[in-house]
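Some notes on the structure that comes next.
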Amino acid sequence: MTADDNSRLPGLRHGRAAAWTPFLLTLVVLIASAAWGARIYDDLTDTIPTHWGPGGEPDAWDEKSFGTVFMPQLIAAGSAALMAVLALVIPALLNPPRNPSTWKRYRLEGAERATISVLGWISLLTVLLVGFLGVQGWIGPDEVSFAWPMALYLVLVFLMIFLPYRRWNRWADARASEHGFTPTAEEEAEERLWLPGGIYNNPDEPLIMVPKREGYGVGTTINVGNRAGRTAIVVFLLVFVGGPLVLVFAVG
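Note that the sequence shown covers residues 1 to 252 in my numbering.
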C-alpha cells in the first residue's frame, strides 16, 4: 500500500484535518490562558506560590517572574508539543499490513485519525487541567482545589481513549459503503473480535495478552474475552483510575 494508492481512493483523505481539531483547541486554550496571565501580571503579588501541599495550601514560594507565573502554561505547552510530535509520526508506528483490501484501507485511515484524535484530546485535557490549576494560583493563591479537577481529568482521559475510535470507525465504514466497498466475510469475523481502542475480545483465545491487530501498532494488547483478561481490566481500573480518584478526594 502506497500513498499514491491511498490518494486514488474516493473520499479517503477528505476531511482528514478534523482529526487535528483537539490540537487546535489546545492551542486556543494555551493562547487564551497566556493572554489573560499577561493582562493581570502587574496585579499579581510580588511573591508567587510555586507548590501546593496535599490539602491545596501553598508550601513553597518564589519571587514573581515570567517563569514562576507561567510555569503551569509552559509545562502544558511542552506536553501538548510532545503529543503533537507523536501524532505526526503515527503513520510510521501503526505497522500497516501489506496489500490490504480497499475496505481495510478505509478502516486503517480511520484508525490513524482516531489515534491522532486521542492524542489531541489527551493534550487538550492536560492543558485544561494544568492551566486551571495555574489560574487558581493567580486568583486565589492561599488555596488551590485540585481534587475534583483531577478526578474529572482521569475520567475524561479514560473515555477519550475509546470514543474517538468509535467515531472514526463509523466514519470509515460510512465512507467505504458510500463508494461501494464492503468487508469480506473473513474481515467481518475479524471485526467482531476487536473493541474500540484496540482491545481483543475472543473467548476462544486462552492468552491474556495477544499481539496487537495488524495495522494498529506494535506490541501486545489485552484479551477481555476470557475471565483472566476481564479480571486484569478490573484490576487495572481499580489501581490506575479508582486509586487516584480515592487519593485525590482523600487529600483534597
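Cβ coordinates follow ideal geometry from the N, Cα and C atoms, glycine included.
No experiment lies behind these values; they were computed from the predicted model shown.
- In the structure shown, N169 falls within a helical segment according to DSSP collapsed to helix, strand and coil.
- Nearest neighbour of L88 by Cα position, chosen from P72, L119 and A76, turns out to be L119.
- Assignment of I48 by DSSP, reduced to helix, strand and coil, places it in the strand class.
- Counting along the chain, T221 sits inside the beta strand (DSSP E) bounded by residues T220 to I222.
- The Cβ atoms of V29 and V144 lie no closer than 7 Å to each other.
- With fewer than three CB-CB distances shorter than 8 Å, the stretch 124-140 does not count as touching the stretch 229-237.
- With contacts defined by Cβ atoms closer than 7 Å, P196 and R166 form a contacting pair.
- Residue pairing from DSSP places I199 in a beta bridge opposite L195.
- K64 and I139 have their alpha carbons spaced roughly 14 Å apart.
- About 4 Å separates the Cβ atoms of A114 and W168, confirming a contact at the 8 Å cut-off.
- Nearest C-alpha to F70 among A174, P211, A189 and L133: L133.
- Counting every other CB atom within 10 Å of its CB across the protein chains shown gives G37 a total of 16 or more, marking it as buried.
- Excluding its 5 nearest sequence neighbours in each direction, A60 has C-beta neighbours in its own chain below 8 Å: P49, T50 and H51, listed in chain order.
- Comparing C-alpha distances from I31 to each of A76, H14 and L82 shows the shortest one belongs to A76.
- Contact between N202 and G225 holds: CB atoms are separated by about 4 Å, below the 8 Å threshold.
- Across the structure, L9 and G15 are spaced so that their CA atoms are roughly 14 Å apart.
- Annotation: the continuous beta strand (DSSP E) that includes E63 extends over P58 to E63.
- The straight-line gap separating the alpha-carbon atoms of R175 and T102 is approximately 11 Å.
- Per DSSP, the unbroken beta strand (DSSP E) holding P211 starts and ends at M209 to P211.
- Comparing alpha-carbon positions, the option among Q73, G78 and L44 lying closest to D62 turns out to be L44.
- Between Q73 and A34, the beta carbon gap of about 6 Å places them in contact (Cβ cut-off 8 Å).
- Taking all protein chains shown into account, T182 has fewer than 16 neighbouring C-beta atoms within 10 Å of its C-beta and is therefore exposed.
- The C-beta of S123 has 16 or more other C-beta atoms within 10 Å across all chains shown, which makes the residue buried.
- Proximity to E57 across G198, F23 and Q136 peaks at Q136, based on C-alpha coordinates.
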